[in-house]
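Undergrad: In my numbering, the protein residues as written are 3 to 237. Quick one: the structure is below, and I'll ask about it shortly.
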């Protein structure tokens, strides 16, 4: 009886190791989380243009105009309150990664999340749309419309989770594999899976595909705010 008890305990320990080990290995495959925006100032970011219109504060809908944002002091949002501002990109670069962030636009506004600085996921006020197209919120611009997205009202925050596989290159610089959006989740719902990107989308940082690139936010199409920006590199 005692022998059976010992054996049972050993079996339980072995089973717990087998359960825990894959989870530990999965964690090790991912790198340390990068937070490119410190929530205080624009350190670590560059404007694509001569002038930088982005500010740090609390983004709110303008009470006198629902198509605009106002920036109250003291918050931690990254905000472009201009109708025609400038694009902003991170100094930090990454390869394969999971990117998470929140985004908010006022009524009728337009922005974009440029993964690697070159592949745009659309940000747009698409609230009320039941059949979104290739230019609506969540679309991979010009490539694929989002599938059954959940849209928030203007002035409400939406959350993206982007699983990204960077393009691959050999020692000579020749591309050996295209980039892929492995999965894109918007407001808790998967809207893209395994979308191959044979080329970049228009309007990127330098219009070049590369093994590592920055994160860019479009600011020249309308007011927009971002927060909780995190990049988790995948080894």
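All C-beta atoms, glycine included, are put in the ideal place defined by N, C-alpha and C.
#1: How about residue 208 and residue 93: are their beta carbons less than 9 Å apart?
#2: Where does residue 161 fall in DSSP's three states?
#3: When the Cα atoms are used, what is the spatial distance from residue 124 to residue 63?
#4: Compare the C-alpha of residue 192 against each of 35, 183 and 215 and name the closest.
#5: Is residue 186 closer than 9 Å to residue 162 when the C-beta atoms are compared?
#6: So what does residue 139 bridge to, in DSSP terms?
#7: Mind checking whether residue 140 and residue 188 have CB atoms under 9 Å apart?
#8: For my contact list, residue 88 and residue 50 are in at a C-beta cut-off of 8 Å; report their separation, rounded to the angstrom.
#9: Taking a contact to mean a Cβ-Cβ separation below 9 Å, would you say residue 44 touches residue 115 in this structure?
#10: Beta-carbon within less than 6 Å of residue 105's beta-carbon, same chain only, minus the 5 sequence neighbours each way: which residues are those?
#11: Can you find the residues in the same chain that come closer than 6 Å, C-beta to C-beta, to residue 232, ignoring five residues on each side of it along the sequence?
#12: For residue 223, which residues of its own chain have a beta-carbon under 7 Å away from its beta-carbon, when the five flanking residues on both sides are left out?
#13: On the DSSP letters alone, give me the boundaries of the beta strand (DSSP E) that residue 183 sits inside.
#14: Can you give me the C-alpha to C-alpha distance between residue 100 and residue 117, rounded to a whole angstrom?
#15: Flag this pair as yes or no: are the beta carbons of residue 59 and residue 46 separated by less than 9 Å?
#16: Can you check which of these residues, 108, 205 and 195, is closest to residue 82 by C-alpha distance?
TA: Looking at the atomic coordinates:
#1: A distance of 9 Å or more separates the beta carbons of residue 208 and residue 93.
#2: Residue 161 falls in the strand class under three-state DSSP.
#3: Going by the C-alpha atoms only, they are around 20 Å apart.
#4: In terms of Cα proximity to residue 192, the closest of 35, 183 and 215 is 183.
#5: A distance below 9 Å separates the beta carbons of residue 162 and residue 186.
#6: Beta-bridge partners of residue 139 (DSSP): none assigned.
#7: Yes, they are a contact pair.
#8: For residue 88 against residue 50, the beta-carbon gap comes to about 6 Å, under 8 Å, which counts as contact.
#9: No, the Cβ-Cβ distance between residue 44 and residue 115 is not below 9 Å.
#10: Excluding five sequence positions before and after residue 105, the CB atoms of its chain that fall closer than 6 Å to its own CB belong to 125, 160 and 228, given in chain order.
#11: Closer than 6 Å at the Cβ level, and outside the excluded window around residue 232, lie 35, 37 and 102.
#12: So the qualifying residues of the chain are 112 and 113.
#13: It spans 181–188 - the beta strand (DSSP E) in which residue 183 sits, taken as one unbroken run.
#14: Using only the alpha carbons, I get a separation of about 10 Å.
#15: Inclusion of residue 59 and residue 46 in the CB contact set at 9 Å is not warranted, their separation being larger than that value.
#16: When C-alpha distances from residue 82 are compared across 108, 205 and 195, the shortest belongs to 108.
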